[in-house]
Structures are given as C-alpha cells and as structure tokens.
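A short write-up of the structure that comes next.
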Amino acid sequence: MPIKIGNLNSDPPTPRGIALLITLVIIALLAVYMTEFSFDTHLETRGIRNFQASFKARNAVKSLFKATLVGLQGGLNGEVSEKDFFDQISPPSLRMNSLLTPSKPEKIEGIQLLLPGLAQSFPNVSFYTPYIRPIDHLFNLNRINSKIAPEKAKDLILKNEFTNILSRYSKTQSTESNQNLSSANLSLESIQTLYASIYDWSDKNAEIDYFDSNIEGHIQIDDTEWEVKDSAFDKLSEIMLLQSKLFEEGYFEFQIPFDSQKTGENSWNQNFTVYPVGKKEGQPFGDPRINVNLGDGDDIQQFLERFSNPGVNASDKEQQYLNRAADIASVLKPDFSQDAQGFKSMNDIKTRLRSDPSTSDLNDYHNNYFILWSNWYDIHLVTEIENVKAEVRAVVEVKRDENGKVEKNDNGEYAITIHEFQLR
Numbered sequence: 546m547p548i549k550i551g552n553l554n555s556d557p558p559t560p561r562g563i564a565l566l567i568t569l570v571i572i573a574l575l576a577v578y579m580t581e582f583s584f585d586t587h588l589e590t591r592g593i594r595n596f597q598a599s600f601k602a603r604n605a606v607k608s609l610f611k612a613t614l615v616g617l618q619g620g621l622n623g624e625v626s627e628k629d630f631f632d633q634i635s636p637p638s639l640r641m642n643s644l645l646t647p648s649k650p651e652k653i654e655g656i657q658l659l660l661p662g663l664a665q666s667f668p669n670v671s672f673y674t675p676y677i678r679p680i681d682h683l684f685n686l687n688r689i690n691s692k693i694a695p696e697k698a699k700d701l702i703l704k705n706e707f708t709n710i711l712s713r714y715s716k717t718q719s720t721e722s723n724q725n726l727s728s729a730n731l732s733l734e735s736i737q738t739l740y741a742s743i744y745d746w747s748d749k750n751a752e753i754d755y756f757d758s759n760i761e762g763h764i765q766i767d768d769t770e771w772e773v774k775d776s777a778f779d780k781l782s783e784i785m786l787l788q789s790k791l792f793e794e795g796y797f798e799f800q801i802p803f804d805s806q807k808t809g810e811n812s813w814n815q816n817f818t819v820y821p822v823g824k825k826e827g828q829p830f831g832d833p834r835i836n837v838n839l840g841d842g843d844d845i846q847q848f849l850e851r852f853s854n855p856g857v858n859a860s861d862k863e864q865q866y867l868n869r870a871a872d873i874a875s876v877l878k879p880d881f882s883q884d885a886q887g888f889k890s891m892n893d894i895k896t897r898l899r900s901d902p903s904t905s906d907l908n909d910y911h912n913n914y915f916i917l918w919s920n921w922y923d924i925h926l927v928t929e930i931e932n933v934k935a936e937v938r939a940v941v942e943v944k945r946d947e948n949g950k951v952e953k954n955d956n957g958e959y960a961i962t963i964h965e966f967q968l969r
C-alpha cells in the first residue's frame, strides 16, 4: 500500500511528537549532565578527603611540635634534664646514630598499638621518628664578616676552621665506563675561593675586599641575575647561589647538596648554619661549642680536629690540646660510647681529663670547646594520614640558667624562641 506524503509545511506536528522530541532532548542532556556531575562529584569528594587528611595530619604534627617544645623546656614542670629528654625520645640501647647527627624522620609502624591514647587522639595518623638536632657545634657562616680584616690573625683562624671542615667533604664519582666509584675531595684552592666569596657576599659594600673572591657585581645563573647581597646570610640556602657560581666558573667539585637523605653523603646542612649558635657572650655571631653530654666520641674528636692548625707553633699549649683530640674523646666518652654518665659541671670535664694518664699532661681548654647543654635545635617532624604528609621544620633557641634549666620570661613563660617555622 502506497504511503501518502502530505504537505510538510502545512501539517503541524502532533502534540505527541513534540512531547517525544522534548523527552529525548532532556534524556540526552541529563545523560551528559549526570556524567559530568558524577565526574565532578568524584573529584570534589577526593579533594575533600585529601583536605581532611591534610588537616588531620597538620593538627597531629603541630601537636607533636608542641610536645617537642615541652620536652625541650624540661617537661611540664621544667625538671627533666636535656639528656634525659633525649634518652627518652632516642633510648641509648636502640640508638643507631649520634644525637648530634640523627637520622632523618622514618615512619613508625604500629605505634598506635603501643600507645592506645595516641590512637584515640589521632586515629589513622602515622607518626615518624622525630628529628631534633642540637646545633651549637655548627659553623655559622655569618662569622665570616667584614669586621674581621682579610688575612689578619682572626681571619686566618676562621679560614683554617672553615677549611678543615670542607676538606673532609668528598664527592663520589664514577671513573670510566666500568662505573667504578672513587671519592674526590675539595681542593684547597676551591675551599679558599669559596671562603673569600662568602666574605664578599656578606660584607657591607660592593667592592671586592678579598683577593681570592669570585664574586663580582652580580651572579649570573642560567637566565637569572642575582645581585651580590652585601649583608649577612638570612638563610643557609644562599650558599647554593655561591656554589652554583663557582661551579659555572669551573670549580666542578662544588656539587654539595643542601641536605641529604643518604647515609654518609656530605651536605651544607650537616656542618653549617646562619644562626649565632654556641657561646654568645661577647660574640654577636656566636662561638661554636659541642655538647659533651649529647655528642659521642666521634663527634667530639671531629669537632676538636676542625680547630687544629698546622700553621701554629707546635709548642702552643692549646694546639697541643687540639692535636690530642682522639685521646680527649676516648677519655670523655669511654669506648666512644653514647651511654656514658652525664657531666654535671665544667669542672667534671676538667677532673675527668686530669685523672686519666693519657690526658693528664694537657692544659685546661675545655671551656673553649665544650658546653653541658644546648641552646639551639634544628627540628623536623612528620606525620601522615591516607598517604598525605604534614611536616614541621623549625629552628628553636632556648635560654638556660647555670644549672641547665630553661629560664622563664617576665610573663612567666619559658624562654623559648622559634626563629624559623615552616608547616606544610
């Protein structure tokens, strides 16, 4: 039967056809909308979940930081000694590193099972081992300053100390195609050029004041031009600018990382700071001291050796003291132990050295190199929840009295100053 085709222009569409068309359009739009809605909702839900995890992890790491400050102040009543606090967070029987060179934060599995109260306060939060490092023994780069005339006695002593530290640094490198590894130490020329460059970077004028300096009117690194600062270091990371400059000038040994997670790899953060650590009396930039109660034998020996100066007459009594660094370390820390009884006074150090045959002939210079407790700490704390980490990095200073207890300010609060704080 033939199909009759009418006039399309004259016959209006039926209401049923319009309804069907509208329904199809709505279904199509809803299909697209629902797909996008589901996709957006998934992203939003995941984003909210990550935000909540980040919020919880940050709360946990901030609480951990507050607990650290309470520990450094000596507990809630201020009666816990610094050594006891560190023995609590790093028991000597379990300690793998010196307290002055602690390992980087590592996840503590199952700590909530050991401490149910922690699990109740911070459900699903993973905690990492705390990195709390006393740093009064570090070399403050701001000690290299324009108030000390180049090549004069004070400058030469400072340069010798700086050189002794960096001369221990080495860079592992492959030799040839066989990929055998060897270590290359920094050359004396490179170290002295860096020292002079630090001097000119941080002095208060635009002139070249140090003959060996490699710092001119600016530092060009890639496409970025850096003006010479001509003022003190605010951050240790500034040393990376000078290192990059020297590397581009052909001092290829300068590939020292700012910080390192690798065991045994040297870094700037390992031995240097920009804070006035150590003894501050009469020393605006500090005078480094090593904590005899927290350092181990290796720490003490290496610290004393960095002041040894072959240019000083062998009859000099203080140089004789420094040249016996290994003997001093073995007497103060028998068998290079970290678990020795703590020294209560500087006179205890003197008595220990004088009573041992291997060091009894030495003069008394312990006040020039040792302290009984620390005032400066580098802190790195980490927590994690649902693969979202939160970290606190801080540099903290405490003021202690002659008995090692943290002093209180006029307002009754403990004298603790946070000089640097990063929460991320």
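In the numbering used here, the protein residues as written are 546 to 969.
Ideal placement from N, C-alpha and C gives every residue a C-beta, glycine not left out.
Give the secondary structure of Pro637 by DSSP, where H, G and I count as helix, E and B as strand, and everything else as coil.
Residue state, collapsed to three classes: helix.
Below 8 angstroms on the Cβ atoms is my contact criterion, and I expect Leu781 with Asn814 to pass it. Report the Cβ-Cβ distance as a whole number of Å.
Confirmed, Cβ separation roughly 7 angstroms.
So, with DSSP's three-state summary, where would you put Trp921?
If DSSP states are grouped into helix, strand and coil, Trp921 belongs with the strands.
Using 10 angstroms around the beta-carbon of Leu639, count the other beta-carbons present and answer buried if the total reaches 16, otherwise exposed.
Its Cβ having fewer than 16 others within 10 Å, Leu639 is exposed.
Give a yes or no on contact between the segment 862-871 and the segment 898-907, applying the rule of three or more CB pairs nearer than 8 angstroms.
Cβ pair count under 8 angstroms is three or more, so yes.
Please report the Cβ distance between His911 and Lys889, rounded to the nearest whole angstrom; I am assuming they are in contact, meaning their Cβ atoms lie under 8 angstroms.
14 angstroms between Cβ atoms; not a contact.
With distances taken from CA atoms, which of Phe631, Ser860, Phe600 is nearest Thr613?
Out of Phe631, Ser860, Phe600, Phe631 has the C-alpha closest to the C-alpha of Thr613.
Can you tell me which residues form a DSSP beta bridge with Ser715?
Ser715 is bridged to Asn730.
Can you find the residues in the same chain that come closer than 6 angstroms, C-beta to C-beta, to Asp804, ignoring five residues on each side of it along the sequence?
Excluding positions up to five away in sequence, the list reads Ser812, Asn814.
Classify Ile710 as buried or exposed, calling it buried when 16 or more other Cβ atoms lie within 10 Å of its own Cβ.
Under this definition Ile710 is a buried residue.
With distances taken between CB atoms, is the gap from Lys934 to Gln806 smaller than 8 angstroms?
Their beta carbons are not under 8 angstroms apart, which means Lys934 does not touch Gln806 by this criterion.
If you count every other CB in all the chains shown that lies within 10 Å of the CB of Glu952, and 16 or more means buried, which is it?
Burial call: exposed.
If you count every other CB in all the chains shown that lies within 10 Å of the CB of Leu898, and 16 or more means buried, which is it?
Counting Cβ neighbours within 10 Å, Leu898 comes out buried, since at least 16 surround it.
Taking the alpha-carbon positions, what's the Tyr914 to Arg834 distance?
C-alpha separation (whole angstroms): 5 angstroms.
Return the residue from the list Gly619, Phe667, Phe799 that minimises the CA-CA distance to Leu609.
Closest by alpha carbon: Phe667.
Can you name the residues that DSSP bridges to Val937?
According to DSSP, which records beta bridges pairwise, Val937 is partnered with Leu926, Leu968.
Across which residues does DSSP place Asn685 in a beta bridge pair?
BP columns for Asn685 point to Thr818.
Does the beta-carbon distance from Ile680 to Thr808 come in below 8 angstroms?
In this structure, Thr808 does not lie closer than 8 angstroms to Ile680 by Cβ.
Do you know offhand how far Gly842's Cα is from Phe852's?
Approximately 16 angstroms, taken between the alpha carbons.
Taking Ala790 as the reference, which of Lys825, Ser735, Asn816 has the closest Cα?
Going by the sequence as given, residue 790 is Lys instead of Ala. That would be Ser735, whose Cα lies nearest to the Cα of Lys790.
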